[in-house]
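**Student:**
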Amino acid sequence: MARAVRPLLRRPPSIASFRSDNPAVVVGTASGERIDDRALAVECVAVGLGMAVAGGAFAPPAAAVFAGVAIALLIVGLVLLPTARLLVRSRLSYAVLAFAAWWTASGLAHHDGMVAMRLAAGMVGSVAAYVVVGALTTRGRELVAAGFLGGAAILAGTGLIDVSVAMAAGRGPFDSWLLTDERSVRLAGPLHYPEAFALWLSFSFLAGALVRTRRVQPLVSLSQVVVGCGILASESRGALVAFAAALIVAGRRLSRATRNAVVALAVCAPLVLAAQRLAGATAVLYPLSLAAAVLTVLLIGRGLLVRGRLDQRPANRWRDRVMAAVLRLRWLIGGVWLVTTCGLLVTQRRWVDGLDPSWWQRLRVAKAAIHLISGHVWSGLGPDPVFRAPTATGVPGWAYFTHNEFLEIALSLGIPGLVAVVALAAWVAWRLRPHRIGLAVLAAVVVAGLFDFGWHFPVLGWVAASVAACEVGQRRLRRQPFGVWCARNCRRVVKSCTLAG
Numbered sequence: 077m078a079r080a081v082r083p084l085l086r087r088p089p090s091i092a093s094f095r096s097d098n099p100a101v102v103v104g105t106a107s108g109e110r111i112d113d114r115a116l117a118v119e120c121v122a123v124g125l126g127m128a129v130a131g132g133a134f135a136p137p138a139a140a141v142f143a144g145v146a147i148a149l150l151i152v153g154l155v156l157l158p159t160a161r162l163l164v165r166s167r168l169s170y171a172v173l174a175f176a177a178w179w180t181a182s183g184l185a186h187h188d189g190m191v192a193m194r195l196a197a198g199m200v201g202s203v204a205a206y207v208v209v210g211a212l213t214t215r216g217r218e219l220v221a222a223g224f225l226g227g228a229a230i231l232a233g234t235g236l237i238d239v240s241v242a243m244a245a246g247r248g249p250f251d252s253w254l255l256t257d258e259r260s261v262r263l264a265g266p267l268h269y270p271e272a273f274a275l276w277l278s279f280s281f282l283a284g285a286l287v288r289t290r291r292v293q294p295l296v297s298l299s300q301v302v303v304g305c306g307i308l309a310s311e312s313r314g315a316l317v318a319f320a321a322a323l324i325v326a327g328r329r330l331s332r333a334t335r336n337a338v339v340a341l342a343v344c345a346p347l348v349l350a351a352q353r354l355a356g357a358t359a360v361l362y363p364l365s366l367a368a369a370v371l372t373v374l375l376i377g378r379g380l381l382v383r384g385r386l387d388q389r390p391a392n393r394w395r396d397r398v399m400a401a402v403l404r405l406r407w408l409i410g411g412v413w414l415v416t417t418c419g420l421l422v423t424q425r426r427w428v429d430g431l432d433p434s435w436w437q438r439l440r441v442a443k444a445a446i447h448l449i450s451g452h453v454w455s456g457l458g459p460d461p462v463f464r465a466p467t468a469t470g471v472p473g474w475a476y477f478t479h480n481e482f483l484e485i486a487l488s489l490g491i492p493g494l495v496a497v498v499a500l501a502a503w504v505a506w507r508l509r510p511h512r513i514g515l516a517v518l519a520a521v522v523v524a525g526l527f528d529f530g531w532h533f534p535v536l537g538w539v540a541a542s543v544a545a546c547e548v549g550q551r552r553l554r555r556q557p558f559g560v561w562c563a564r565n566c567r568r569v570v571k572s573c574t575l576a577g
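The opening residue of the sequence shown carries number 77 in the working numbering; numbering runs sequentially from there.
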């Protein structure tokens with residue numbers, strides 16, 4: 077009797093797959109079949125890289141295409157991955173999608189629905205990426221992290237070569253990737269906007285901290301150095317502050333390779349920024365500064381700067397002397413580095429309409445936006461309104477963005493929209509509090525939103541959510557289905573009766 081009942085009460089393969097985190101990269105389906113989730117991982121990376129190369133899906137038609145691709149991939153993930161059905165039914169996913177619907181409905185009410193697609197598409201894409209990537213196995217999530225880091229290294233390396241050629245010859249192979257300012261040539265990348273591209277690189281840099289395979293750690297560190305140099309080459313002050321905030325929040329959760337890459341970037345940052353302001357024959361210092369960054373990460377690699385590892389390594393007279401001098405003069409060296417780096421960033425100026433530096437222009441735009449918000453407190457003016465803002469000379473002009481996402485949302489939806497966004501950010505922070513890399517991604521998103529309109533690039537939401545989901549990973553079932561609960565308890569009863577008999 078017991079032998080006949082046991083096969084009928086065996087745990088269904090679909091329930092076992094919920095708790096499976098096996099590196100064999102197979103996920104059970106409801107029908108008992110098994111699929112290889114590496115295909116979905118590759119598709120998630122392909123969407124993030126493809127949309128970045130296509131301009132970040134910033135233009136309204138591309139934003140609509142991005143939303144359609146995200147929804148299609150979400151449907152595929154819901155069909156193939158049982159865990160995805162649990163993630164998409166979370167209250168946070170419903171809240172984000174509700175805000176996206178609110179933003180879209182406001183755009184339709186103000187007859188600018190296509191303009192409203194940018195932010196809404198980014199939110200829909202973030203939910204889709206979080207659900208699909210979070211439902212993958214450990215191998216699949218690591219493949220996503222490695223894919224984003226590798227793709228970012230290729231794009232950043234191509235952009236750095238473009239900057240080098242442009243400074244030496246006056247014209248680069250990808251002129252649309254460059255933004256020539258009064259004093260430097262800035263890397264704008266395929267997104268054609270330095271702040272957005274630097275933010276995309278920052279998310280990919282954090283993804284490298286989630287690649288834990290020991291054999292590829294040197295390659296991870298070198299890739300992160302290239303990506304970090306691309307962030308520096310953008311000279312986006314908002315993105316650099318957001319990147320620094322993310323590193324501070326991540327803290328000790330960063331891998332050894334990532335910490336070595338951060339130290340290498342800190343050492344070469346003033347050299348890269350100073351060389352980027354040169355032209356002609358002196359532009360040869362720019363590739364030399366990049367080579368110095370790579371050499372630095374090779375010299376400080378293998379855990380030299382990790383706390384507690386220095387005393388365990390074999391004695392080396394020159395290395396010990398250098399480390400002792402650095403530790404003795406660390407405050408002086410750090411002060412000189414900070415003053416030099418911040419001075420180079422502050423002196424970089426981007427003129428608006430040939431009249432007003434960006435520092436003062438953005439301040440006046442913010443003042444004009446606050447004045448409009450005070451007159452439309454509850455309803456707003458609709459998604460991304462165009463409004464008049466004075467320049468430094470007092471000549472009125474037109475502003476298309478407030479260069480502050482919180483002001484932009486308050487101007488578009490009123491104070492209720494601003495309160496909803498702040499509440500969503502606090503909710504996501506509360507959910508990500510055990511996951512420091514995911515929390516670092518959120519910190520970068522929030523800080524970058526204070527300086528520019530990076531949230532309006534839908535591809536950034538996709539990459540940010542993918543990197544956060546790579547760390548969060550699969551969720552365990554909080555409640556078992558009633559049929560599984562009955563089957564397990566019946567099995568226990570039958571087993572007890574068999575032993576008793």
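We put the beta carbon where it would ideally sit given N, CA and C, even for glycine.
Predicted model only: the values in this text are computed from it and were never measured.
Pair every Cβ in the region 316-329 with every Cβ in the region 364-373, then say whether three or more of these pairs are closer than 8 Å.
**Tutor:** No: the two stretches stay apart, fewer than three of their Cβ pairs being nearer than 8 Å.
**Student:** Need the endpoints of the alpha helix (DSSP H) that residue 341 sits in, please.
**Tutor:** 332-351 is the span of the alpha helix (DSSP H), which, as asked, contains residue 341.
**Student:** DSSP state of residue 474, grouped into three classes?
**Tutor:** Looking at residue 474 - three-state DSSP - the assignment turns out to be strand.
**Student:** Round the Cβ separation of residue 445 and residue 494 to the nearest angstrom and send it over; I've been treating them as touching at under 8 Å.
**Tutor:** Residue 445 to residue 494, Cβ: 12 Å. No contact.
**Student:** Compute the Euclidean distance between the alpha carbons of residue 361 and residue 351, then round it to the nearest angstrom.
**Tutor:** Approximately 6 Å between the Cα atoms of the pair.
**Student:** Taking the alpha-carbon positions, what's the residue 504 to residue 518 distance?
**Tutor:** When rounded, the distance between both Cα atoms is 8 Å.
**Student:** Using the beta-carbon count (16 or more within 10 Å), is residue 262 buried or exposed?
**Tutor:** So residue 262 counts as buried.
**Student:** For residue 465, write down the residues that DSSP places opposite it in a beta bridge.
**Tutor:** The partner list for residue 465 (beta bridge, DSSP) reads 473.
**Student:** For residue 222, which residues in the same chain have their Cβ closer than 6 Å to its Cβ, ignoring the five residues on either side in sequence?
**Tutor:** The residues are 287.
**Student:** Looking at residue 354 and residue 193, is the spacing between their C-beta atoms short of 9 Å?
**Tutor:** No.
**Student:** Going by the CB atoms, is the gap between residue 278 and residue 465 shorter than 9 Å?
**Tutor:** In this structure, residue 278 does not lie closer than 9 Å to residue 465 by Cβ.
**Student:** Using DSSP's beta-bridge definition, name the partner residues of residue 262.
**Tutor:** DSSP lists 255 as partners of residue 262.
**Student:** Below 8 Å on the Cβ atoms is my contact criterion, and I expect residue 302 with residue 233 to pass it. Report the Cβ-Cβ distance as a whole number of Å.
**Tutor:** Contact flag correct, Cβ pair sits at about 5 Å.
**Student:** I need the boundaries of the alpha helix (DSSP H) containing residue 207, first residue and last residue.
**Tutor:** Here the alpha helix (DSSP H) through residue 207 covers 193-210.
**Student:** Who are the Cβ neighbours of residue 515 in its own chain at under 6 Å, not counting the five residues just before and after it?
**Tutor:** Excluding residues within five positions, the ones whose Cβ falls inside 6 Å are 325 and 508.
**Student:** So, for residue 335: in the same chain, excluding its five sequence neighbours on each side, which residues have a beta-carbon less than 6 Å away from its beta-carbon?
**Tutor:** Contacts found: none.
**Student:** Cα separation between residue 256 and residue 225?
**Tutor:** Whole-angstrom Cα-Cα distance: 27 Å.
**Student:** Please classify residue 144 as buried or exposed, where buried requires at least 16 other C-beta atoms within 10 Å of its C-beta.
**Tutor:** Its Cβ having fewer than 16 others within 10 Å, residue 144 is exposed.
**Student:** May I have the straight-line CA-CA distance separating residue 205 from residue 458, to the nearest angstrom?
**Tutor:** Going from the Cα of residue 205 to the Cα of residue 458 covers about 27 Å.
**Student:** Apart from the five residues just before and just after residue 131, which ones in its own chain have a Cβ nearer than 7 Å to its Cβ?
**Tutor:** Closer than 7 Å at Cβ, skipping near neighbours: 138, 266, 267 and 268.
**Student:** Can you give the Cα-Cα distance for residue 450 and residue 461, rounded to whole angstroms?
**Tutor:** Distance between the alpha carbons of residue 450 and residue 461: 15 Å.
**Student:** Alpha carbon to alpha carbon, how far is residue 175 from residue 542?
**Tutor:** Going from the Cα of residue 175 to the Cα of residue 542 covers about 20 Å.
**Student:** Among the residues of its own chain, which have a CB less than 6 Å from the CB of residue 134, if the five just before and after it don't count?
**Tutor:** The answer, listed in chain order, is 533.
**Student:** Taking DSSP as the reference, what is the three-state secondary structure of residue 372?
**Tutor:** Here residue 372 sits in helix by DSSP.
**Student:** Are the CB atoms of residue 475 and residue 441 nearer to each other than 9 Å?
**Tutor:** Yes, the pair counts as a contact, with Cβ atoms nearer than the cut-off.
**Student:** At the level of alpha carbons, what is the spacing between residue 124 and residue 198?
**Tutor:** One C-alpha to the other measures close to 12 Å.
**Student:** Looking at C-alpha atoms only, which residue of 274, 140 and 502 is the closest neighbour of residue 539?
**Tutor:** With distances taken between Cα atoms, residue 539 lies closest to 274.
**Student:** Where does residue 455 fall in DSSP's three states?
**Tutor:** Coil.
**Student:** How big is the Cα-Cα spacing for residue 152 and residue 496?
**Tutor:** Each residue's alpha carbon lies about 30 Å from the other.
**Student:** If you draw a straight line from the alpha carbon of residue 284 to that of residue 439, how long is it in whole angstroms?
**Tutor:** Roughly 36 Å between the two C-alpha positions.
**Student:** Output the boundary residues of the alpha helix (DSSP H) element that contains residue 166.
**Tutor:** No alpha helix (DSSP H) contains residue 166, which DSSP labels as neither H nor E.
**Student:** I'd like the list of long-range same chain contacts for residue 525, defined as Cβ closer than 8 Å, with 5 residues on each side in sequence excluded.
**Tutor:** Hits under 8 Å: 480, 481, 482 and 531.
**Student:** Just the C-alpha distance for residue 159 and residue 319, rounded to the nearest angstrom, thanks.
**Tutor:** Rounded to the nearest angstrom, the two C-alpha atoms are 31 Å apart.
**Student:** Between which two residues does the alpha helix (DSSP H) harbouring residue 238 extend?
**Tutor:** From DSSP, the alpha helix (DSSP H) with residue 238 extends over 214-245.
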